Ligand code: 5GP
Ligand code: MN
């Protein structure tokens, strides 16, 4: 993969640009995609941001959300945009399979593809890009990209709100170790460009439905197992559990982090039963590498302290298998 600077000549004249991100997009996925969208539009390009699937309700306020296509609802328009594009940007994932429905179309596309991402082990399928696992978020990297293009002055409150969203959500509100001095400098700069940060915290953290809050209470009381011996905890949610409290897609977002607030717990897992697979989310504190854990045992990947995976075995078997692995590896 060539450096992203090598792609700058391609951006010198107005282009049709397709931007996409991973399936089940989170704050960093949507924030980086729309932050880049607003910037490229300001530069005179014709840009179509496409999410591979629906976005969680807590992101529905984000600037530019109405300009975005959802592949699951608009497959024809999405593929048309991909076919007509002269350039493709891929944000916050580094393996086409993470886009689910768009995987085949992206693999077939012959236009130059540009990657901006912070996950470990990118697949060698991009022409240009930035792949920096040390970065807090893809949003931080879009900010770096705008600066590399010498366009800091173009940052406005829409771009700032999009980029802040991803940095805030991927750093656990600026508390994970990836929150470097550069992250804080970036946020200060976004504030100089009109960012009102507390509005975004409210949109994301203080916009729960009553049901979601009660669901959290139920999950912590009934569905969380703590294994002090292994400094680990597990939350497992069946389809039946997800049917309680009328929970919406996105309402289980963040549940996996709660056990890490228990003193001594350094490894947290969420197992969720879905229609076509069992989804796993892993989080850790300190030196337990959940990215290689996910890769080794659950066909997944991600970051050192936050990763995910999936299995085709049944929900019950997955839980039993996970507990067996836990006792075998005995994390400390
Ligand atoms: P989450 O638990 O929020 O789904 O995912 C945590 C992190 O792991 C995210 O950065 C996500 O991109 C990554 N991740 C989640 N599931 C998978 C997967 O199946 N494969 C890979 N390679 N990464 C994943
Ligand atoms: Mn991210």
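Numbering (the working numbering), first residue to last: 24 to 355.
C-beta: ideal position from N, C-alpha, C; glycine also.
Computed from a prediction, not measured in an experiment: that's the story for all the values here.
{"Query": "Relative to the C-alpha of residue 120, which candidate in 342, 170, 191 and 333 has its C-alpha closest?", "Result": "333"}
{"Query": "When you measure from the CB of residue 115 to every non-hydrogen atom of the ligand MN, does any distance come out below 8 Å?", "Result": "yes"}
{"Query": "Please classify residue 49 as buried or exposed, where buried requires at least 16 neighbouring CB atoms within 10 angstroms.", "Result": "buried"}
{"Query": "How many angstroms separate the CA atom of residue 260 from the CA atom of residue 294?", "Result": "6 Å"}
{"Query": "How many whole angstroms separate the CB atoms of residue 100 and residue 77, which I take to be in contact at a CB cut-off of 8 Å?", "Result": "Residue 100 to residue 77, Cβ: 15 Å. No contact."}
{"Query": "Would you report the Cα separation of residue 92 and residue 73, rounded to the nearest angstrom?", "Result": "5 Å"}
{"Query": "To the nearest angstrom, how far is the alpha carbon of residue 108 from that of residue 42?", "Result": "9 Å"}
{"Query": "Using beta-carbon positions only, say whether residue 317 and residue 288 come within less than 9 Å of one another.", "Result": "no"}
{"Query": "Less than 8 Å between the CB of residue 46 and some heavy atom of the ligand MN, yes or no?", "Result": "no"}
{"Query": "Beta-carbon within less than 7 Å of residue 281's beta-carbon, same chain only, minus the 5 sequence neighbours each way: which residues are those?", "Result": "243"}
{"Query": "Is any heavy atom in the ligand 5GP found nearer than 8 Å to the beta carbon of residue 279?", "Result": "yes"}
{"Query": "Indicate the three-state DSSP secondary structure (helix, strand or coil) for residue 248 in the structure shown.", "Result": "strand"}
{"Query": "Which residue marks the beginning of the alpha helix (DSSP H) containing residue 128, and which one marks its end?", "Result": "126 to 131"}
{"Query": "Which residue's Cα is closest to the Cα of residue 104: 220, 128, 232 and 238?", "Result": "128"}
{"Query": "Specify, as a first and last residue, the run of the alpha helix (DSSP H) that residue 233 falls within.", "Result": "233 to 241"}
{"Query": "Under the rule that 16 or more other beta-carbon atoms within 10 Å means buried, what is residue 81, buried or exposed?", "Result": "buried"}
{"Query": "Answer yes or no: the CB of residue 307 versus the heavy atoms of the ligand 5GP, is any distance below 8 Å?", "Result": "no"}
{"Query": "From residue 206 to residue 25, what does the alpha carbon distance come to, in whole angstroms?", "Result": "25 Å"}
{"Query": "With a CB to CB cut of under 6 Å and the five nearest residues on each side skipped, what residues in its chain are close to residue 71?", "Result": "41 and 104"}
{"Query": "Please report the distance separating the alpha-carbon of residue 308 from that of residue 314.", "Result": "12 Å"}
{"Query": "Tell me where the beta strand (DSSP E) around residue 22 begins and ends.", "Result": "Since the first and last residues shown for the chain are 24 and 355, residue 22 lies out of range."}
{"Query": "Mind checking residue 296: buried by the 16 CB within 10 Å criterion, or exposed?", "Result": "buried"}
{"Query": "Could you spell out the range, first to last residue, of the alpha helix (DSSP H) harbouring residue 209?", "Result": "204 to 215"}
{"Query": "Check whether the Cβ atoms of residue 18 and residue 44 lie closer than 9 Å to each other.", "Result": "Residue 18 falls outside the range modelled here, since the chain spans only 24 to 355, and no answer is possible."}
{"Query": "At 4 residues or longer, and completely inside the region 39 to 71: list those alpha helix (DSSP H) runs for me, N to C.", "Result": "50 to 65"}
{"Query": "If you draw a straight line from the alpha carbon of residue 321 to that of residue 144, how long is it in whole angstroms?", "Result": "16 Å"}
{"Query": "Just list the beta strand (DSSP E) runs in the region 131 to 194, keeping only unbroken ones of 3 residues or longer that don't cross its boundaries, in chain order.", "Result": "136 to 140 and 151 to 154"}
{"Query": "Considering only the alpha carbon of each residue, which of 215, 222, 213 and 142 lies closest to residue 323?", "Result": "142"}
{"Query": "Determine the direct distance from the alpha carbon of residue 154 to that of residue 58, and round the result to whole angstroms.", "Result": "18 Å"}
{"Query": "Let me check understanding here. Comparing Cα to Cα, which of 135, 352 and 268 lies closest to residue 290?", "Result": "352"}
{"Query": "Apart from the five residues just before and just after residue 69, which ones in its own chain have a Cβ nearer than 6 Å to its Cβ?", "Result": "39"}
{"Query": "Mapping DSSP to helix, strand and coil, what is residue 340?", "Result": "helix"}
{"Query": "Mapping the DSSP letters down to three states, classify residue 301 as helix, strand or coil.", "Result": "strand"}
{"Query": "Tell me which same chain residues have a C-beta within less than 6 Å of the C-beta of residue 302, skipping the five on either side of it?", "Result": "295 and 333"}
{"Query": "In terms of alpha-carbon separation, which member of 64, 237 and 168 lies closest to residue 181?", "Result": "64"}
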